[in-house]
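Protein chains: 2
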Amino acid sequence: MKHKSNETSICPVARSLDVIGEWWSLLIVRDAMLGVKRFSDFQRRLGMAKNILSARLKRLAEAGVLEIVPASDGSAYQEYELTEKGKALQPTLLALRQWGEQFMFSPGDAHSTLVDKRSRKPLAKLEVRSIDGRRLGTDDIDIIIPPEPQRRRVPHPSRTSRRVGK
Amino acid sequence: MKHKSNETSICPVARSLDVIGEWWSLLIVRDAMLGVKRFSDFQRRLGMAKNILSARLKRLAEAGVLEIVPASDGSAYQEYELTEKGKALQPTLLALRQWGEQFMFSPGDAHSTLVDKRSRKPLAKLEVRSIDGRRLGTDDIDIIIPPEPQRRRVPHPSRTSRRVGK
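Protein chains in written order, with the working numbering: chain C, 6 to 171; chain G, 6 to 171.
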């Protein structure tokens, strides 16, 4: 579905989704984090149409999430590597993964699991905390909206709703 | 864009994206976390077509992310409230937000900020860590794929690529 761009939103969630909010894009980044580098490998693993994969890779490269580099084995292939910006999506992917593990599998329904290479144990659960380490729920958080002159335009959370910061 | 369902994938990221991988869905959840409850408020804030908003709310309710409840003021309106499953998307939204804050704004380009209500300070940065607290980068992590008989079907990371676990 086509949607209006959020590239001038004041909300960082909205701007992020502008780049990676498309279903395939995050699965491409997931596979890149597992070491996949070549078009044919992404294509085989994701089972997506070549023209769509090509468009998604191009968009991720334009957004600075992936970069296109010569093949590491000296062959004529191109490879796609995560940039620092791309690697910084690790907490987003882990959050999605942990949510899926908790809510999208029945007991006994096997799923892939990320482990720490050194201990071979699953990763720690991501937790929302204050700077001084307290666990925070949705009711413990306010949103601060920048003053009007600095803003660009909607959509963004307004001040009118409950629980929205002063 | 229509895509094949991931509802039987062994990858928790893929299953999660099946429910919330659509651009609008996460913005609806974001606004619900800020206290938005009514159709007209979602519609005004998100600026999306009513038929699309309606379809997305329905999908989120069917997936158990939102539930439909009578209006808290006793009026005839319906309200949409996050379930526990919905509230558990908080780390995912925070991860997206923090990534956006870091990479999607130029210096001086104002953005909304979440703060801890008690201290009025921004939240701690989400970090990927081992169970015993070590910071982990993408190279410190392996993926464990369940044995074949328990699996359903593709797509999932295979064992053939670099950095994929034994």
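Here a beta-carbon is modelled for each residue, glycine too, at the ideal position from N, C-alpha and C.
Keep in mind it's a predicted model, so treat the numbers as computed, not measured.
Please determine if the segment 20-32 of chain C and the segment 60-70 of chain C are in contact, where contact requires at least 3 C-beta pairs separated by less than 8 angstroms.
The segment 20-32 of chain C makes contact with the segment 60-70 of chain C; the number of CB pairs closer than 8 angstroms reaches 3 or more.
What three-state label does DSSP hand G:E27 in the structure shown?
In the structure shown, G:E27 sits in coil (DSSP, three-state: anything other than H, G, I, E or B).
Against chain C, does G:A93 count as a neighbour if the rule is that its beta carbon must be under 9 angstroms from one of theirs?
Yes, its Cβ sits closer than 9 angstroms to a Cβ of chain C.
Indicate the three-state DSSP secondary structure (helix, strand or coil) for G:P151 in the structure shown.
DSSP, read as helix, strand or coil, puts G:P151 in coil.
Just to confirm the assignment, what range does the alpha helix (DSSP H) spanning C:E89 have?
Counting along the chain, the alpha helix (DSSP H) containing C:E89 begins and ends at E89 to K92.
With a threshold of 9 angstroms between beta-carbons, can G:G138 be considered close to chain C, or not?
Closer than 9 angstroms: yes.
Short Cβ contact (9 angstroms threshold) for C:E72 with C:A81
Result no, Cβ atoms of C:E72 and C:A81 do not sit closer than 9 angstroms.
With 9 angstroms as the threshold, decide whether the Cβ of G:F110 is near any Cβ in chain C.
Chain C contact via Cβ: present.
Under a Cβ-count criterion, where at least 16 other Cβ atoms within 10 Å of its own Cβ denotes burial, should G:I35 be classed as buried or exposed?
The amino acid occupying residue 35 of chain G in the given sequence is Arg; Ile does not appear at that position. With 16 or more other CB atoms across the displayed protein chains lying within 10 angstroms of its CB, G:R35 is buried.
Confirm, please, whether the CB-CB distance from G:K90 to C:F108 is below 9 angstroms.
Pairing C:F108 with G:K90 gives a Cβ-Cβ distance under 9 angstroms.
By the criterion of Cβ-Cβ separation under 7 angstroms, what are the contact partners of C:E106 in chain G?
Against C:E106, the close residues of chain G are P17, in the order they occur along the chain (beta-carbon pairs closer than 7 angstroms).
Within 10 angstroms of its Cβ, does G:V18 collect 16 or more other Cβ (buried), or is it exposed?
With 16 or more other Cβ atoms within 10 Å, it is buried.
Quick one: residues in its chain with C-beta nearer than 7 angstroms to the C-beta of C:Q48, no 5 flanking neighbours on either side, listed in chain order?
Result list for C:Q48: K55 and L58, in chain order.
Rounded to whole angstroms, what's the CA-CA distance from C:D23 to G:K130? Just pull it up for me.
Computed Cα separation, rounded: 21 angstroms.
Paired residues, beta bridge with C:Q83 - DSSP
For C:Q83, which the question treats as bridged, DSSP gives the partners C:P75.
By DSSP, does G:R167 sit in helix, in strand, or in coil?
The pLDDT assigned to G:R167 is 39, lower than 50, so where the model puts this residue is not dependable, and the model offers no usable value.
Could you tell me if C:K126 is buried or exposed, where buried requires 16 or more neighbouring beta carbons within 10 angstroms of its beta carbon?
Taking all protein chains in view, the Cβ of C:K126 is surrounded by fewer than 16 other Cβ atoms within 10 Å, so the residue is classified as exposed.
So the candidates are G:T143, G:N11 and G:V41; which of them puts its Cα closest to the Cα of G:Q83?
If we check each option's Cα against that of G:Q83, G:V41 comes out closest.
What residue ranges within the segment 90-139 of chain G form continuous beta strand (DSSP E) runs of no fewer than 3 residues, ordered along the chain?
Entirely contained in the segment 90-139 of chain G, the beta strand (DSSP E) runs reaching 3 residues are, in chain order, 118-121.
Would you say G:I146 and C:V120 are within 9 angstroms of each other, going by their C-beta atoms?
Yes.
So the candidates are G:L87, G:S77 and G:A76; which of them puts its Cα closest to the Cα of G:V70?
Comparing C-alpha distances from G:V70 to each of G:L87, G:S77 and G:A76 shows the shortest one belongs to G:L87.
Could you tell me the distance, in whole angstroms, from the CA atom of C:I148 to the CA atom of G:T118?
Taking the straight line joining both Cα atoms gives about 6 angstroms.
With a Cβ-Cβ cutoff of 9 angstroms, do C:G105 and G:R140 count as a contact?
By the CB criterion at 9 angstroms, C:G105 and G:R140 fall outside the cutoff.
Any chain C beta carbon closer than 9 angstroms to G:V133:
Yes - at least one Cβ of chain C is within 9 angstroms of the one on G:V133.
By Cβ distance below 7 angstroms, which residues in the same chain neighbour C:F110 in space, the five residues on each side in sequence not counted?
Excluding sequence neighbours, C:F110 sits near H116.
Hey, is C:G223's beta-carbon within less than 9 angstroms of any beta-carbon in chain G?
Because residue 223 of chain C is not part of the residues shown, which for chain C are 6 to 171, the question remains open.
Determine the burial state of G:P152: buried for a count of at least 16 other Cβ atoms within 10 Å of its Cβ, exposed for fewer.
With fewer than 16 other Cβ atoms inside 10 Å of its own Cβ, G:P152 counts as exposed.
Any idea if G:A76 is buried or exposed, counting beta-carbon neighbours within 10 angstroms, 16 or more meaning buried?
Under a 10 Å Cβ-count criterion, G:A76 is classified as exposed, with fewer than 16 other Cβ atoms of the shown protein chains found around its own Cβ.
Considering just the uninterrupted stretch of the alpha helix (DSSP H) at C:I57, what are its terminal residues?
First-last of the alpha helix (DSSP H) with C:I57: K55 to E67.
Name the DSSP bridge partner or partners of G:I146?
Secondary-structure assignment with DSSP links G:I146 through a beta bridge to C:D121.
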